[in-house]
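One rule links them: number in this note's numbering = place in the sequence shown (from 1) + 1186.
A virtual CB, placed ideally from N, CA and C, is assigned to each residue, including glycine.
All figures in this text were calculated on a predicted structure; none of them were measured in a lab.
First the structure, in the form of structure tokens, and then the observations on it.
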Amino acid sequence: MQSWDFIVVGGGTAGCAVANQLSQEGHRILLIEAGIDTAPGQVPEDIRDTFPASYSNPDYTWGATPSLTTLYNGNTKPTPFFQAKVMGGGSSLMGMVALRGYPEDYDHWARMGATDWSWSDVRPEFMALEDDAWPNHPDHNKGGPIHIMRRGPEVWPPFCHALAQSMESRGLSHVADMNTDFRDGYCTYPLSSTPNERVSSASAFLNSDVRSRLQVMTRTEVLKLRWGKVRCIGVQIKRGLDTQNLSAGGVIVCAGGIHTPALLMRSGVGNAPMLESMGVNVVNHLPAVGRNLQNHCIAYLGTYLQPRARQNPNLRPHFHMGLRLSSPLSYANTGDIAVTVLPKSSLKGLGHAIGALGVALYQPKGVGEVRIDRLGNPLPRFSYIELAEDFDRLCWGYSQAWDLMQHPAISKIRGELFAAGYSEKVRQLNRPGFLNTALSSALLTGLDFSNWSRKWTLKHLITAGESANKNTGSEQWIKNTVERMHFGMYHPTGTCRMGQTQDSETVVSPKGQVKGIQGLWIADASVMPQIPRANTFLPTLMVARKIAKTITLMAS
């Protein structure tokens, strides 16, 4: 049986970085990814695109099959939850926003028992990741693997400039660098992109030179971990119809906040009574596996944009600007509300006429959990707005978005406001294909032809039958809208929390090692004690590289 020094499970955001780091020390590395590869020179165009077109491609997600659904907020009907299944993981699909989070986020990790994870500990790791285009800043770095750029006000479309005027009328100013300036305001997004293409974890960490030092196995699912007495000795995989056992001196799991705890539970690591009820042979009783599931949730306020408000069609990206707000509620911290500004909603014709504000709760209090079904598939259950403090803050943020859209600079260039969502109908319309492109162009014609045709198109084809009425924008309308239209972002964290080994609510030590088992580490977003106030791309890379460096030191 072939053997490796280390097997890395998952070629997503974290796994690519871990494999890169371990390969530098001459270890024999096997990187296993369930989805397709994106090797240099063979990256699909929709992944390379500076507009996240790959987000709508079902070939790149677990959600393309019935194997990943979720329950949330007491619902009994499972709904699809899309997670990346492609080399690079979410960094190959999502919007390329490259935020670190707040220093206090990481100081809080340290207070929760994650020794050596305070801001002073992780700041050098963030800087080492960067190849930041920001000129000569002491808190930024050049030469790292992740190129970071910004598209400032000089290229913003009229809709963004109008929102800036609305924010300034409230005394809030421009934040040019969200990673060093933590004030509320309207902000220029830092993006993991060059002017011409996405920078994913795969493109940054798995170039041809790195690949020559390791083995990559794609379209391969890891079914279970394999055990010695008190040690992980490899994995069981499935490739096509074949099942194989692979051996390694150590295994690093980087399957993400949903699939990492599911793999542990399938393998006998987790809450013993629950596993026994599923017929799983218990290897190690760790009741915290799958607990502490956190995510950011979001609700969209959409609007019709007049032609003069729209983005230049020659500018492909649409993430330029965001709003950072702090709710006035006593239990909230600074920057707990993030608003994504979309000056267009897709690349197709219709998308150029629909703008939106995506209001997200970036410091949730509620936590859910991940379990498995009898087949071993993950069953995540999120808690988005079950807690009154989370619901109230998201409603407050949505009301701020509504009020911002009433400013004269915006109201003169827009049409109706409506509750928007990323429904299956919208997802289908954004998928590649001649018919979808033609339909989107026809809908744009309907929007622009006349007031009557615009209202009819919005009501019957875009807003699911809901149209503006005298109650739209009222406190009750906002509450109903948030309750009905919110959904989870794709930032699941916390389900294998790191901390002190004597803490029953932790799964791994601050070094990433699974408690009570030798030769097994976790190095992905699942170890985060609390979700940061940031999109999770950079924080996940930071965690992965920091733990990988620790593993190499231990191995040497």
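Item, Value
"T1736 versus A1390: straight-line alpha-carbon distance, rounded", "21 Å"
"Nearest residue (CA-CA) to V1204, options A1388, E1555, D1291", "A1388"
"Top-ranked residue by Cα proximity to M1451, from N1498, A1300, R1369, G1562", "G1562"
"Coil, strand or helix - K1415 by DSSP", "coil"
"F1673 - partner residues in DSSP beta bridges", "I1484"
"Rounded straight-line distance, which links the Cα of Y1570 to that of C1483", "6 Å"
"Top-ranked residue by Cα proximity to T1247, from A1720, M1280, L1528", "M1280"
"Which listed residue (S1379, F1673, V1361) has its alpha carbon closest to that of C1373", "V1361"
"Inside the region 1408-1458 only - beta strand (DSSP E) runs reaching at least 3 residues", "1418-1425, 1428-1439"
"Close-in-space but distant-in-sequence residues of the same chain around L1515 (CB under 8 Å, 5 per side omitted)", "E1575, D1578, R1579, W1582"
"Short Cβ contact (8 Å threshold) for N1365 with T1236", "no"
"3 or more residues per run - each beta strand (DSSP E) lying fully within the region 1520-1586", "1523-1528, 1540-1547, 1555-1558, 1564-1568"
"Among P1678, T1687, H1213, the one whose alpha carbon lies nearest that of V1437", "H1213"
"D1689 vs G1299 beta-carbon contact at 8 Å", "yes"
"Candidates V1402, Q1401, R1600, I1423, of which the one nearest L1411 by Cα", "I1423"
"Nearest to T1520 (by Cα), restricted to the options L1739, D1318, A1720, F1268", "A1720"
"Whether V1149 touches N1206 by CB criterion (8 Å)", "Lying outside 1187 to 1742, the shown extent of the chain, residue 1149 is not represented and no answer is given."
"Backbone secondary structure at G1299 - three-state DSSP", "coil"
"Touch test, the region 1471-1481 against the region 1668-1685, Cβ-Cβ under 8 Å, three pairs minimum", "yes"
"DSSP-derived helix/strand/coil call for R1496", "coil"
"Strand pairing of I1334, partner residues [DSSP]", "D1318"
"Alpha-carbon spacing of Q1716 relative to Q1480, whole angstroms", "8 Å"
"Touch test, the region 1482-1496 against the region 1596-1607, Cβ-Cβ under 8 Å, three pairs minimum", "yes"
"Proximity to L1216 [Cα-Cα], best of A1434, I1222, T1446", "A1434"
"Counted within 10 angstroms of its Cβ, other Cβ atoms place A1348 as buried (16 or more) or exposed", "buried"
"Proximal residues to A1319 (C-beta, below 6 Å), its chain only, five neighbours per side dropped", "M1335"
"Any C-beta of chain C under 8 Å from that of L1400", "As a matter of chain content, chain C is missing from the structure shown, which is built from one protein chain."
"Straight-line Cα distance separating E1691 from A1314", "31 Å"
"Proximity to E1256 [Cα-Cα], best of G1674, G1420, T1726, I1218", "Per the sequence presented here, residue 1256 reads as Thr, with Glu not at that position. Checking every option, the nearest Cα to that of T1256 belongs to G1674."
"Inter-residue Cα distance where the pair is V1713 and G1196", "15 Å"
"Spatially closest choice to I1456 from I1558, K1530, R1502, by CA coordinates", "In the sequence as presented, Ile is not what sits at residue 1456; that position holds Gly. Considering only alpha carbons, the answer is I1558."
"Proximity below 8 Å, CB of G1198 to CB of G1275", "yes"
"Opening and closing residue of the alpha helix (DSSP H) in which D1191 lies", "From DSSP, D1191 is part of no alpha helix (DSSP H) but of the beta strand (DSSP E) over 1189-1195."
"CB contact flag (R1417, G1227, <8 Å)", "no"
"Nearest residue (CA-CA) to F1568, options S1531, H1677, W1663, K1530", "H1677"
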